[in-house]
Amino acid sequence: MKPLAALPLIFIAIQQVQAEERIAILKPLVFKANALKEKNYVVDKEKVESSNTIGDALKNITGIQSTSFGPNAGAPVIRSLSGNRVGVIENGEFINGMNAFSGNINIPFDPIFIEKVIVNKNTDNIRYGGNAIGGSVQIESGLIPKKIEEKPNKLDIVFRKGFNDFDVKGFNFNINDQKNWSTNIRYSEYEISSYKIPEIVKPNYVKTRFFQIQVGSIVH
């Protein structure tokens, strides 16, 4: 048989083999996933009122500590990140101030009228940029009203006497037209005269029983 005559037979055989192949169509696979919900931690008004610094107000949340530069300067530390890595926001503005560079300078914090504090321990740099790469702390101060009060005017007065703590006094006056506008007039003052430290910090038996203090030396 000539080679050219064999070509039609080979072509027919290939067509028969291809026709015998079965094509199976699989059912489409549908994957469903729930969006990861952002879990925020809310610190209520009662807890905030008893704290002198924003760090103290949040330090009991898991993964958060306070820098604690003395009793009146403390900033939040979220999972070992602090300073300009943790954004502290009030009314949409960063209030970290110089605390981002020096921890002994306190973040402006007025706890007596704060409504709540919302903490996001995850990175929040999409909303706030690199200053919130370690998380964010949103202070809801209530200074800018977000809703109309039930009454056209409301007066809150606070007075607190502290022992080795601040003496606090202030007021917040809200006035509104019950329809379109509302405003707050606020005043607060924190004052502390001195800290009373006991003169003798160790019991007498510590000195008499364990140590005998002599001039120029200590004898066990």
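Residue numbering for the sequence shown follows the working numbering, starting at -1 and increasing by one per position. Don't be surprised by glycine CBs; every beta carbon is placed ideally from N, CA and C.
Extent of the continuous beta strand (DSSP E) run through E148:
Where E148 is concerned, there is no enclosing beta strand (DSSP E), given that its DSSP letter is neither H nor E.
Mark G95 as exposed unless 16 or more other C-beta atoms lie within 10 angstroms of its C-beta, in which case mark it buried.
Here G95 is exposed, its C-beta having fewer than 16 other C-beta atoms within 10 Å.
For E47, the first and last residue of its enclosing alpha helix (DSSP H):
Where E47 is concerned, the enclosing alpha helix (DSSP H) starts and stops at 43 to 47.
Alpha carbons only, please: which of F111, S139, N172, G140 is nearest the one belonging to K149?
The closest CA to that of K149, considering only F111, S139, N172, G140, is found on N172.
How far does the beta strand (DSSP E) with G168 in it reach, from first residue to last?
G168 -> beta strand (DSSP E) spans 165 to 174.
When the Cα atoms are used, what is the spatial distance from N78 to N174?
Per the sequence shown, the amino acid found at residue 78 is Ser instead of Asn. So the alpha carbons of these two residues sit roughly 44 Å apart.
N-terminal and C-terminal residue of the alpha helix (DSSP H) that R184 is part of:
Careful: R184 lies outside any alpha helix (DSSP H), inside the beta strand (DSSP E) at 180 to 189.
Which of helix, strand or coil does DSSP assign to F92?
Looking at F92 - three-state DSSP - the assignment turns out to be strand.
Out of K177, P109, N129, which has the shortest C-alpha to C-alpha gap to K43?
Its Cα nearest to that of K43, the residue P109 stands out among K177, P109, N129.
For T65, is the classification buried or exposed, using 16 other Cβ atoms within 10 angstroms of its Cβ as the cut-off for buried?
Burial call: buried.
In the DSSP assignment, the beta strand (DSSP E) including N58 goes from what residue to what residue?
Taken as a continuous stretch (DSSP letters only), N58 belongs to no beta strand (DSSP E), as it is neither H nor E.
Give me whichever residues DSSP pairs with G85 in a beta bridge.
Answer is S134, bridged to G85.
Sequence-distant residues of the same chain with beta carbon closer than 6 Å to N129, five excluded per side
Cβ neighbours of N129 beyond the five flanking positions: N82, G85.
Pull up the distance between the alpha-carbon of F92 and that of K159, whole angstroms please.
Rounded to whole angstroms, F92 to K159 spans 31 Å at the Cα level.
Proximity of V75 and Q63 at Cβ, strictly below 7 Å:
It is a contact, given that the beta carbons lie within the stated cut-off.
Between G140 and F111, which are expected to be in contact by the criterion C-beta below 8 Å, what is the C-beta distance as a whole number of angstroms?
Confirmed, Cβ separation roughly 6 Å.
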